[in-house]
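Here is the structure we will look at.
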Amino acid sequence: MKRERLMLVILVVVVPLMFAASLSYFGPPALAYLGQDSPTMTPKIFAPGVISQKDVSEFGSVFNQEGTELFYGVDLQGRSEIRYTYLKNGEWTKPVALLSDSLVSYNDPFLSPDEDRLYFISNYSGEDQPPKSDYDMLYIKRGKKHWETKVYNVGPNINTDRDEYYMSFDERGTVYFSSNFNASVHREHDFDIYASSVVDGDFQPSILLDEAINTDAYEADVFVAPDASYILFCGIRDNGYGQGDLYISFKDEHDNWTKAVNMGDDINTGFQELCPFVTKDGQYLFFTRNQDIYWVDADIIEKIRARLGRSLIIQNKS
């Protein structure tokens with residue numbers, strides 16, 4: 462008999478999929494991104510009372526290309542779930558749990574470049590199995606009408622017997638993620654950032670990014686621009702503003718990562734800033750701060766690039 466406590470919740474009736482007729486269609490401007498007023502260069506809470514709720518910890522948000530589907534994580538007193546809302550018939554649906562369980566955690570959602578897969582991390586070990594002691598990168602597939610219920614593991618070229626966290630993809634399908642695989646036994650919070658390319662649909666052995674990105678401290682929650690011209694990540698370093706800050710690195714003219722720099726007090730505070738995500742239209746930077754989801758005009762990235770005085774190529778706004 463299947464154990465109900467490990468039941469994977471995929472709401473195939475209540476949560477139908479929203480398919481766009483054209484990738485160039487961003488929906489009515491007033492309704493994309495939950496119809497919220499666009500942010501300025503000063504970060505503000507996203508959709509207060511709807512997504513960012515009082516006394517609830519939200520994190521790890523990701524939109525589809527049109528800005529008409531939103532996936533995000535919610536912490537529930539020791540476990541986490543992934544919630545989903547989308548634009549339907551001119552209205553946004555009430556956020557509901559897409560991946561949830563009484564013991565297993567699901568978080569850090571991210572869509573594949575073609576948006577046919579939803580990736581996430583979890584301690585899920587299999588149907589009717591107890592939770593794992595570590596977190597792996599997994600995914601589900603988009604069906605014709607609903608998200609399918611079968612959970613897939615991305616395989617041993619990425620997943621280890623330690624923790625893999627928060628991933629993002631460039632337009633070629635290369636995945637960037639963090640892991641504490643190389644951390645010593647007594648320094649399990651020392652995560653580093655890795656990349657794994659895709660050949661014939663399979664992830665290749667992961668490569669540790671160099672010292673321009675990684676240190677002997679904490680680097681995780683990495684977002685890579687679609688053209689791989691810059692990456693954002695959360696770092697915990699001595700020169701930080703608080704519990705953890707967002708850092709950025711640009712590619713130079715030789716296609717090498719430049720030394721990552723703190724994004725400064727335009728973004729970072731005494732709290733921890735984490736879970737960065739830039740929308741595919743290049744308009745907005747989302748991140749998590751103090752248990753809420755924030756967003757800011759993505760021109761903040763251009764401002765930092767100009768401040769650094771580097772003539773680097775970064776993703777232009779559409």
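Here the sequence shown is numbered in my numbering, starting from 462 and rising by one per residue.
Where a beta carbon is used, it is the ideal one built from N, C-alpha and C, also for glycine.
How many Å lie between residue i and residue j at the Cα?
i: SER561; j: GLY743; result: 30 Å
i: LYS555; j: MET502; result: 29 Å
i: PHE738; j: GLU672; result: 23 Å
i: LEU579; j: ILE668; result: 23 Å
i: ARG446; j: ASP663; result: Outside the displayed range of the chain (462 to 779) lies residue 446, so it cannot be described from this structure.
i: PHE507; j: ASN550; result: 22 Å
i: SER573; j: ASN643; result: 26 Å
i: ASN620; j: VAL722; result: 28 Å
i: CYS736; j: PHE652; result: 14 Å
i: LEU670; j: PHE711; result: 13 Å
i: PRO570; j: TYR637; result: 13 Å
i: GLU530; j: LYS605; result: 16 Å
i: SER485; j: VAL523; result: Its pLDDT being 39, under 50, SER485 is placed unreliably in this model, and the value from its coordinates should be taken loosely. Near 18 Å, if we compare the C-alpha coordinates of VAL523 and SER485.
i: PRO617; j: TRP718; result: 26 Å
i: GLY521; j: GLY770; result: 31 Å
i: GLU542; j: ILE512; result: 14 Å
i: GLN538; j: VAL517; result: 10 Å
i: VAL420; j: GLY510; result: Here the chain comprises residues numbered 462 to 779, so residue 420 is not present and cannot be evaluated.
Is residue i helix, strand or coil when you go by DSSP?
i: TYR494; result: helix
i: LEU559; result: strand
i: LYS741; result: coil
i: LYS764; result: helix
i: LEU769; result: helix
i: TYR596; result: coil
i: THR749; result: strand
i: VAL615; result: coil
i: VAL470; result: Model confidence at VAL470 stands at a pLDDT of 48, short of 50, so the residue's coordinates are unreliable; what they give is reported in the following sentence. DSSP places VAL470 in coil when its eight states are reduced to three.
i: MET628; result: strand
i: GLY696; result: strand
i: ASN723; result: strand
i: GLY510; result: coil
i: ASP677; result: coil
i: LEU537; result: coil
i: GLU588; result: coil
i: TYR702; result: coil
i: GLY551; result: coil
Closest to residue i by C-alpha separation, out of the options, would be which residue?
i: LEU548; options: GLY539, GLN526 and ASN751; result: GLN526
i: ARG540; options: PRO504, TYR585 and VAL511; result: TYR585
i: ALA558; options: LYS741, ASN700, GLU552 and ASN568; result: ASN568
i: GLN514; options: GLY496, VAL535 and GLN497; result: VAL535
i: TYR494; options: GLY521, THR546, SER518 and GLN538; result: THR546
i: TYR708; options: LEU693, ASN717 and ASN700; result: LEU693
i: ILE601; options: SER583, PRO592 and ILE728; result: SER583
i: ASP563; options: LYS712, GLY496 and PRO592; result: Reading off the sequence, residue 563 comes out as Ser, not Asp. SER563 has its Cα closest to that of PRO592, out of LYS712, GLY496 and PRO592.
i: ASP760; options: MET724, LEU735 and PHE732; result: MET724
i: ALA678; options: ASP661, ARG698, VAL660 and VAL659; result: ARG698
i: GLU714; options: TYR596, PRO500, TYR691 and GLU530; result: TYR691
i: VAL615; options: ASP595, GLN497, PHE581 and TYR655; result: PHE581
i: GLU576; options: GLU552, GLY528, LYS505 and THR719; result: GLY528
i: ASN729; options: TYR745, TYR755, LYS720 and ASP716; result: TYR755
i: ASN675; options: VAL659, PRO666, TYR655 and GLN665; result: TYR655
For residue i, count neighbouring C-beta atoms within 10 Å of its own C-beta (all shown protein chains included) and say buried if the count is 16 or more, exposed if not.
i: TYR613; result: exposed
i: GLY696; result: buried
i: LYS611; result: exposed
i: VAL757; result: buried
i: ARG633; result: exposed
i: ALA491; result: exposed
i: ASP753; result: buried
i: SER640; result: buried
i: LYS741; result: buried
i: ASN700; result: exposed
i: SER566; result: buried
i: PRO500; result: buried
i: GLN590; result: exposed
>> Quick test of the definition: if touching needs 3 or more C-beta pairs under 8 Å, does the region 618-636 touch the region 678-694?
In response: yes
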